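Asks:
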Amino acid sequence: MFGEELRKHVKPDPAWVDLVAQVTQHPDRPRPVRSVDQIFMLPGSQLTQALLVSDYLKYRDVVMVGDGDCMGLVMAHLANKGLFRSPAKIRIFDFDERLLAFIAQAVRDLGIPPDLISCHRYNVRDPIPERYAQAHEVFYTNPPYGSADCGECGKLFLARCMEFCKPAPSWGVALLPFAHKEDWSRDAMGSIQTFLCGRGYVVSEMVREIHQYHLEDRPSLRSCNLVVDRIRNIAAPYEGARIEDEQLSHFYGRTPMRMPEYISINAEFVYSDGTREVVGDEPKWRTARPALP
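Here our numbering is used: position 110 in the sequence shown is 110, and no number is missing along the way.
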């Protein structure tokens with residue numbers, strides 16, 4: 001079923017939308033940084049997504065590789081309010097200290113069990129922390145995915161997800177833009193699915209055009225929900241290796257940019273040589289905390 005048609009059959013209770021808004025409209029939620037492809041999903045789409053994937057995540061250890069939309073927090077909050085069964089554990093890996101500090105704060109504010117979610121600063125360009133290798137049953141990712149690299153940055157996120165997950169059987173959920181009338185999007189989706197199949201996964205479900213974003217220059221662009229099952233154990237590419245700037249020159253779009261190691265709690269790009277650059281006019285997070293490990 002296409003997402004447009006599916007939405008006609010999904011009529012959430014307004015009270016559920018209000019629960020999502022407690023996350024998305026939280027006063028301490030950091031603003032997105034568009035230059036590194038942080039683009040917020042619309043709250044209604046987040047609620048629909050949570051309801052769609054809850055059955056895959058319930059009772060399972062979930063790893064979220066990049067979570068600018070705060071979907072881990074939304075899922076935990078809705079589960080804590082009884083809308084669906086909760087994952088056993090949610091580990092969030094992201095390179096934005098502002099986001100990680102906000103999630104930790106919101107867990108307390110919203111009364112979410114503190115042992116349900118843990119946050120870790122991590123950049124997919126680096127090898128995954130060894131202690132978390134093959135430690136999860138399901139991955140969830142919404143990676144950068146532009147028109148300039150045929151899905152290569154998406155493949156890197158997916159490769160790290162594979163390393164985080166247990167051998168078969170395990171599962172994954174990936175949110176990927178898919179404009180089926182545009183050549184670049186079809187080519188990128190074909191490349192991604194070929195990559196997944198070559199690494200031991202099969203696509204078990206795909207719902208296209210299901211999510212909308214706060215995207216002023218492309219308001220009609222939507223992403224698909226891709227669910228994959230691991231049926232064979234094949235080593236992920238890049239395992240144990242660091243990815244350098246020149247290997248992904250179009251990671252964040254058509255114009256190559258210097259790649260930050262992370263975004264600091266004070267809204268700065270921090271680079272490998274230790275230099276820092278203020279992220280545009282983005283304000284500092286008002287309850288700033290020390291850098292996370």
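Glycine is no exception: its CB is placed at the ideal position from the N, C-alpha and C atoms.
It should be emphasised that the depicted structure is a prediction, and the values quoted were computed from it without experimental measurement.
Near F178, which residues of its chain fall below 6 Å by C-beta distance, leaving aside the five closest residues on each side in sequence?
Replies: By 1-based counting over the sequence shown, the position of residue 178 is 178. Closer than 6 Å at the Cβ level, and outside the excluded window around F178, lie S185, M189, R208, C224.
Asks: How about V63 and F139: are their beta carbons less than 8 Å apart?
Replies: As a position in the sequence shown, residue 63 is number 63, starting the count at 1. As a position in the sequence shown, residue 139 is number 139, starting the count at 1. For V63 and F139, yes; Cβs fall inside 8 Å.
Asks: Can you list, in chain order, the stretches of the beta strand (DSSP E) that have 3 or more residues and sit fully within the region 173-217?
Replies: Segments of the beta strand (DSSP E) lying fully in the region 173-217: 201-211.
Asks: Give the straight-line distance between the Cα atoms of E130 and L78, rounded to the nearest whole angstrom.
Replies: Within the sequence shown, numbered from 1, the residue matching residue 130 stands at position 130. Within the sequence shown, numbered from 1, the residue matching residue 78 stands at position 78. Whole-angstrom Cα-Cα distance: 31 Å.
Asks: Count the other CB atoms, across all protein chains shown, that sit within 10 Å of the CB of N142; report buried if there are 16 or more and exposed otherwise.
Replies: Indexing the sequence shown from 1 puts residue 142 at position 142. Flag for N142 reads buried.
Asks: What does the Cβ neighbour count give for I234, buried or exposed, with the cut at 16 atoms within 10 Å?
Replies: By one-based count along the sequence shown, residue 234 stands at place 234. Exposed: under 16 other Cβ atoms inside 10 Å.
Asks: Is the separation between the beta-carbon of R98 and that of A267 shorter than 8 Å?
Replies: For the purposes of this step, residue 98 is identified with residue 98 of the sequence shown, where counting begins at 1. For the purposes of this step, residue 267 is identified with residue 267 of the sequence shown, where counting begins at 1. Their beta carbons are under 8 Å apart, which means R98 touches A267 by this criterion.
Asks: Suppose the cutoff is 6 Å on Cβ atoms and the five residues either side in sequence are ignored; what does the same chain contact list for P87 look like?
Replies: On the sequence shown, position 87 is the one that residue 87 refers to. Closer than 6 Å at the Cβ level, and outside the excluded window around P87, lie L57, R60, V62.
Asks: Out of curiosity, what's the CA-to-CA distance linking V36 and Y145?
Replies: Residue mapping note: residue 36 aligns to position 36 of the sequence shown, counting from 1. Residue mapping note: residue 145 aligns to position 145 of the sequence shown, counting from 1. The alpha-carbon atoms of V36 and Y145 are separated by roughly 11 Å.
Asks: Return helix, strand or coil for D94, following the three-state DSSP convention.
Replies: Translated into positions along the sequence shown, residue 94 becomes position 94. Three-state DSSP puts D94 in a strand.
Asks: Do the CB positions of T48 and I210 come within less than 8 Å of each other?
Replies: For the purposes of this step, residue 48 is taken as residue 48 along the sequence shown, with counting starting at 1. For the purposes of this step, residue 210 is taken as residue 210 along the sequence shown, with counting starting at 1. Contact flag set, yes.
Asks: Using a Cβ-Cβ cutoff of less than 6 Å, which residues in the same chain neighbour V227 once the five nearest sequence positions on both sides are dropped?
Replies: By 1-based counting over the sequence shown, the position of residue 227 is 227. Contacts found: V173, S204, E205.
Asks: In whole angstroms, what separates the C-alpha of D55 from that of D96?
Replies: Locating residue 55 in the sequence shown gives position 55, where the first residue counts as 1. Locating residue 96 in the sequence shown gives position 96, where the first residue counts as 1. When rounded, the distance between both Cα atoms is 28 Å.
Asks: Below 6 Å CB to CB, which residues in the same chain sit around A236 once its five sequence neighbours on both sides are set aside?
Replies: Looking up residue 236 in the sequence shown gives position 236. Within the same chain, A236 has close Cβ partners A159, M162, E163.
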